[in-house]
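Presented below is the structure to which this report refers.
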Amino acid sequence: MSTAAAGSSSIRLRLSAMMFVQYFIYGSWLVTLGTFLGTALKASGTEIGFMYSLPAMAAIVSPFLVGMIADRFFATQKVLAFLHLAGAGLLYVATTQGSVASFWPLFLLYTLCYMPTLALTNALAFDHMSEPSKEFPRIRVLGTIGFIAAGLAIGQLGADATALPLQLGAAASVIMAAYCLTLPHTPPHNAGRKLSVRDLLGLDALALMKDRSFAVFVLGSFLLC
Numbered sequence: 000m001s002t003a004a005a006g007s008s009s010i011r012l013r014l015s016a017m018m019f020v021q022y023f024i025y026g027s028w029l030v031t032l033g034t035f036l037g038t039a040l041k042a043s044g045t046e047i048g049f050m051y052s053l054p055a056m057a058a059i060v061s062p063f064l065v066g067m068i069a070d071r072f073f074a075t076q077k078v079l080a081f082l083h084l085a086g087a088g089l090l091y092v093a094t095t096q097g098s099v100a101s102f103w104p105l106f107l108l109y110t111l112c113y114m115p116t117l118a119l120t121n122a123l124a125f126d127h128m129s130e131p132s133k134e135f136p137r138i139r140v141l142g143t144i145g146f147i148a149a150g151l152a153i154g155q156l157g158a159d160a161t162a163l164p165l166q167l168g169a170a171a172s173v174i175m176a177a178y179c180l181t182l183p184h185t186p187p188h189n190a191g192r193k194l195s196v197r198d199l200l201g202l203d204a205l206a207l208m209k210d211r212s213f214a215v216f217v218l219g220s221f222l223l224c
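With numbering that gives the first Met the number 0 applied, the sequence shown corresponds to residues 0 to 224, in that order.
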């Protein structure tokens with residue numbers, strides 16, 4: 000195997016591990032959150048529904064700001080490390096709360112940290128692929144495996160109605176934060192570029208809506224959230 004091929008294989012392995020942990024975190028709390036809220040915090044159906052709306056709202060709002068920061072000011076792997084470390088603290092503290100009223104603000108802040116990392120890990124992966132169309136599916140599938148692994152682990156522990164799944168997610172977030180600092184350096188693409196109001200509002204992205212396929216994709220993504 001050539002040096003270049005070995006290096007490419009090493010990067011793919013590192014990116015695959017990144018995807019595994021990224022989605023292991025997601026799988027640790029997404030499915031069992033409602034059970035925990037209803038059992039431990041005595042949340043009503045409406046309150047549980049509201050809690051599940053928070054990640055969707057965070058997924059719409061936070062990537063604009065975080066993506067702009069990663070694109071102009073800081074290396075992507077450092078932004079990921081910060082967000083996961085902050086998210087770990089917020090998620091753990093949320094598990095110590097005794098009521099929905101004190102849980103939801105912390106969970107909202109957590110989702111504002113976590114949801115942008117889904118896009119940032121994709122962006123980082125694409126930056127280090129020579130053939131994204133062939134390589135990305137093989138790397139991204141480890142994310143699905145990580146999500147499933149989290150669910151299987153929680154099921155084996157019989158801990159779906161406890162705070163343990165969220166605490167497991169917090170622990171995995173700390174590991175992810177440390178691991179992100181070992182990932183290939185991914186500098187901001189637009190460092191030094193002047194920030195405008197147009198950029199803040201994301202108006203340039205609206206031009207992409209002229210592409211019918213892209214518009215359908217955006218609409219589908221919005222409905223999925």
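Note that CB positions come from ideal geometry on N, CA and C, so glycine has one too.
Rounded to whole angstroms, Gly26 and Gly145 show a C-alpha spacing of 7 Å. Distances from the CA of Phe72 to each of Arg211, Pro186 and Asp210 were compared; the closest alpha carbon is that of Pro186. A straight-line Cα-Cα distance of about 42 Å links Ala93 and Asp210. Of the other Cβ atoms in all chains shown, fewer than 16 fall within 10 Å of the Cβ of Phe221; this residue is therefore exposed. If you ignore the 5 residues before and after Ile47, its C-beta comes within less than 7 Å of the C-beta of Gly33, Leu36 and Gly37, all in its own chain and listed in chain order. The C-beta distance from Ala171 to Phe23 rounds to 5 Å, short enough to meet the 8 Å contact threshold. In the structure shown, the three-state DSSP call for Leu182 is coil.
Membership of His83 in the alpha helix (DSSP H) is indicated by the continuous run Thr75 to Thr94.
DSSP, read as helix, strand or coil, puts Pro187 in coil. Inclusion of Leu14 and Ala124 in the CB contact set at 9 Å is warranted, their separation being smaller than that value.
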